[in-house]
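Numbering (the working numbering), first residue to last: 55 to 323.
Just so you know, even glycine gets a beta-carbon here, dropped at the ideal spot from N, CA and C.
Okay, so here's the structure we're looking at.
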Ligand SMILES: Nc1ncnc2c1ncn2[C@@H]1O[C@H](COP(=O)(O)OP(=O)(O)OP(=O)(O)O)[C@@H](O)[C@H]1O
Ligand SMILES: [Mg+2]
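Here it is in structure tokens:
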């Protein structure tokens, strides 16, 4: 059995009386790239936030490296958050700082390294994402794909054991998106880092995934290797994986009331 570094134990999240995640049970295994799939609003980013420890479960728990996030003190949770790397949907760089300073930030805040060493580490991280030549530029001077790379360099600054990505290729052209995917694969293979990637882009998912999990309206639907997902019997999985216009997802939308379309599924109240 592979070792589970993160165990999602029937995690439930409720916002404003709505069940956004409904008793999700899944594992992330050491060294793998796990892709979380699902339509818009299915709860992918929320699940990622629970695993990162930014948001607490309302039911169930997340066990990370054998420790319950639910039982951690604020200080322990803070230490856990520092031990993982996160690349947010937006990239989230500080616009007034150079790329190098953005990458140096976590090192200055959370390590005791000297400025000389930090400078070397920053160069190494920027080299890893192909941005060493752009170290002194401001975020506004570089392209969207380069911003994602810079965000990634910052996410790996403290050598995280797990890297979380939320829609790493959102808003990028197909070639740049493929480059980011290659970078995710390289970091996984070269650094041996465990990766959890949220996406709804199937091309990207099939390029990078060792395993996939599909969520739908806050519920776990299926998991498996890319091949298992391609050959899955559940018509919902089949429709999502192949991006088909006909199937249970679209039937439901046509049958569903206008209210459900606007406010999501009933329940959780
Ligand atoms: N802080 C919050 N307060 C209230 N509702 C929230 C909050 N965060 C998320 N939600 C709701 O939870 C549901 C799932 O949101 P989430 O962002 O996890 O979806 P997602 O799968 O990441 O979607 P997308 O693909 O559009 O990014 C949505 O209906 C959203 O409105
Ligand atoms: Mg999201």
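Cβ pair residue 141, residue 199 closer than 8 Å | The count along the chain shown starts at 1 and reaches residue 141 at position 87. The count along the chain shown starts at 1 and reaches residue 199 at position 145. Not closer than 8 Å, so no.
Give the range of the alpha helix (DSSP H) segment to which residue 158 is assigned.
-> Start at 1 with the first residue of the chain shown, and residue 158 comes out as number 104. That run of the alpha helix (DSSP H) goes 153 to 164.
Residue range of the unbroken alpha helix (DSSP H) whose run includes residue 260 | The residue given as residue 260 occupies position 206 in the chain shown. Segment 256 to 262, the alpha helix (DSSP H) holding residue 260.
Under a three-way DSSP split, which group does residue 322 fall into?
-> In the chain shown, the residue the question calls residue 322 occupies position 268. Residue placement at residue 322 is poorly supported in this model, since its pLDDT is 43, which falls under 50; the coordinates are not used for a value here.
Can you give me the Cβ contacts of residue 98 inside the same chain, cut-off strictly under 7 Å, excluding the 5 residues immediately before and after it?
-> Residue numbering aside, residue 98 sits at position 44 when the chain shown is read from its first letter. Taken in chain order, the residues that qualify are 90, 92, 252, 269.
Excluding the five sequence neighbours on either side, which residues of its own chain have a C-beta within less than 6 Å of the C-beta of residue 220, listed in chain order?
-> Your numbering for residue 220 matches position 166 in the chain shown. Taken in chain order, the residues that qualify are 99, 102, 142, 143, 252.
Does the stretch 64 to 80 come close enough to the stretch 280 to 291 that 3 or more CB-CB pairs lie under 8 Å?
-> no
Buried or exposed for residue 127, please, with buried defined as at least 16 other CB atoms from any protein chain shown within 10 angstroms of its CB.
-> As a working mapping, residue 127 is identified with position 73 in the chain shown. Answer is exposed; the Cβ neighbour count stays below 16.
Closer than 7 Å: residue 100 CB and nearest ligand 1 heavy atom | As a position in the chain shown, residue 100 is number 46, starting the count at 1. Yes, the beta carbon of residue 100 sits closer than 7 Å to at least one heavy atom of ligand 1.
Burial state of residue 323 (16 or more Cβ within 10 Å) = Reading the chain shown from its first residue, position 269 is the one you call residue 323. Since pLDDT at residue 323 reaches only 41, below the 50 mark, its modelled position is unreliable, and the value read off the structure follows with that caveat. Exposed, since its Cβ has fewer than 16 Cβ neighbours within 10 Å.
Exposed unless 16 or more other CB atoms sit within 10 angstroms - verdict on residue 80 = The sequence position of residue 80 within the chain shown is 26, counting from 1. Buried.
Determine the extent of the alpha helix (DSSP H) in which residue 181 is found, giving its start and end residues.
-> As a position in the chain shown, residue 181 is number 127, starting the count at 1. Segment 169 to 182, the alpha helix (DSSP H) holding residue 181.
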